[in-house]
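Quick note on the numbering used here: the sequence shown kicks off at 2 and runs consecutively.
The structure under discussion appears below in the form of structure tokens.
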Amino acid sequence: MNTVLDTVVIGGGAMGSAAAWALARRGRQVTLVEQFGPGHTIGASHGTTRNLNPGYHQPEYVAMLAEGLSLWDELEQESGEQLLARTGVVNHGPEPRFADVAAALAQAGIRAEFIHPAEAAERWRGIRFDQKVLHLPDGGQLNPDAALPAMQRLAVVRGADIRHHTRVVDFQVMDDGVRLALESAAGTDVVTAAQVVVTAGGWTEKLLGGAFNSRGLRIPRLRVTQEQPAHFRVADPGAQWPGFNHYPGTGAEYKGWYSPVYGMQTPGEGIKAGWHGVGPVVDPDRRSFQPEPVQLAALQEYARTWLPGVDADSFEAVSCTYTTTPDEDFILDRIGPVVIGAGFSGHGFKFTPVIGRILADLATGTRDAPEIFRAGR
Ligand SMILES: Cc1cc2nc3c(=O)[nH]c(=O)nc-3n(C[C@H](O)[C@H](O)[C@H](O)COP(=O)(O)OP(=O)(O)OC[C@H]3O[C@@H](n4cnc5c(N)ncnc54)[C@H](O)[C@@H]3O)c2cc1C
């Protein structure tokens, strides 16, 4: 028997959970399906820390930051959970765009101040600062392991149906909607959804590929990489830690770097530090979950040189996926009955509730997403 559903959200990571919450708040009948169990660590949205780094200058992202700060507040109030630790974020290094960032944020009412590296070193002695330091006091750390269940719980309170251990194994775009085959322990169930919201992270191309190619539909290529930050043991218990991002210059001191470095304190686990978007390209269903040793050694060298507050020889590696478009901008668009939210790389989490709002707008025909996120760009 073919069940007919209103809106099916595919993927219970950050973006699917946010879309379900936003749609349920608008009284839509939502069914969220997730192939793995609650709290799984196989995608991109696990762990207890993500930086809310306000370091953007592009108007679309700055507008989303401002909206995001108030939506995170709303989610904290509605769920009764603290989701954002307001530790501030410091971005440092010879980065020419810091002035544009400071100007764009000031216009949006988000705080930004340049401070002298010596003053920064006094305030945050676990970090060795480099040339220019841009302090963003409204930044901090978000907690995915608390945020995802909170959004799903609030969606259920408003009538959403959340199904874990349910995998979409077939996806056909029809004239009257989308036909989905849902595989779970109970067997395979075929349903028709008036529309679907695809928030399948690293599996997006696998899910959409066949259905879209057969209809000549295109989305930007998505590169899935296995990223490997690490939690380093705190060596200086008295040091205060903001979130941090360190941008390299061209000098000899940046030799051996793979990319800018991001980091933060994860309570109970240490100081997280990682390269950005340079992990090996992987098939999300065939991952090693093992760190690439050369990059890891370079990360330890980074910690030895620039993070005096940690023990660079005592660490736990983390494994997680980035899904990245060629221009690193997200895909937020609607193609027929299919709404797509993909390509959030390593900078999507801070925007989660806003992405949910945009996907709900697309699903309800309320408003289009900003041009830079269009699938056909
Ligand atoms: C190491 C690391 C550090 C990061 N740091 C930051 C940071 O500091 N700040 C920041 O803003 N962002 C950060 N990010 C980025 C952020 O975490 C991601 O952009 C975000 O979590 C992506 O969420 P998602 O919902 O798109 O993907 P996912 O969480 O991967 O969700 C996709 C879900 O879809 C499910 N799925 C896929 N196919 C199917 C199917 N066929 N049927 C059913 N379910 C399916 C998957 O199981 C998965 O649960 C980081 C990411 C990583 C990996």
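Even for Gly, the Cβ is constructed at its ideal location relative to N, Cα and C.
Simplified DSSP state of residue i, which is helix, strand or coil
i    : result
W276 : strand
F213 : helix
I80  : Note on identity: in this sequence residue 80 is Ser, with Ile being the wrong assignment. Of the three classes helix, strand and coil, the one that applies to S80 here is helix, per DSSP.
S71  : helix
E35  : coil
Q291 : coil
D312 : strand
T50  : coil
Q196 : strand
F115 : strand
V9   : strand
D284 : coil
G342 : strand
R302 : Strictly speaking, residue 302 in this sequence is Glu, with Arg absent from that position. Looking at E302 - three-state DSSP - the assignment turns out to be helix.
I332 : strand
A86  : strand
A318 : strand
Y62  : helix
T353 : helix
T365 : helix
V4   : The question names Val, but residue 4 in the sequence shown is Thr. Reduced to three states, the DSSP call for T4 is strand.
T324 : strand
Residue i vs residue j beta-carbon contact at 8 Å
i    : j    : result
G160 : N52  : no
V319 : P243 : no
V34  : A194 : no
A156 : W22  : yes
T226 : V283 : yes
A182 : V170 : yes
L70  : Y57  : no
L218 : T205 : no
D312 : F233 : yes
L143 : K351 : yes
Y263 : A299 : no
D334 : A364 : no
A15  : G349 : yes
T267 : T42  : no
L137 : R98  : no
A45  : T324 : yes
V1   : V340 : Shown here, the chain extends from 2 to 378; a query on residue 1 therefore has no answer.
P238 : P150 : no
D330 : F374 : yes
Closer than 7 Å: residue i CB and nearest ligand 1 heavy atom
i    : result
Y1   : In the structure as shown, the chain starts at 2 and stops at 378, and residue 1 therefore has no counterpart that could be examined.
E228 : yes
N52  : yes
M16  : yes
E329 : no
R159 : no
V197 : no
Y323 : yes
E35  : yes
I116 : no
W204 : yes
A103 : no
G349 : yes
A45  : yes
G40  : no
R168 : yes
S346 : yes
V63  : no
G271 : no
L208 : yes
A186 : no
I11  : yes
A410 : This structure gives no information on residue 410, because the portion of the chain shown stretches from 2 to 378.
T200 : yes
V319 : yes
What ranges does the beta strand (DSSP E) occupy inside the stretch 216-277, keeping only unbroken runs of at least 3 residues that lie completely in it? 224-228, 231-235, 244-247, 262-267, 271-276
In chain order, each beta strand (DSSP E) run of at least 3 residues that lies wholly inside the stretch 135-191: Contiguous beta strand (DSSP E) elements confined to the stretch 135-191 occur at 141-143, 162-164, 168-175, 178-185, taking only those with 3 or more residues.
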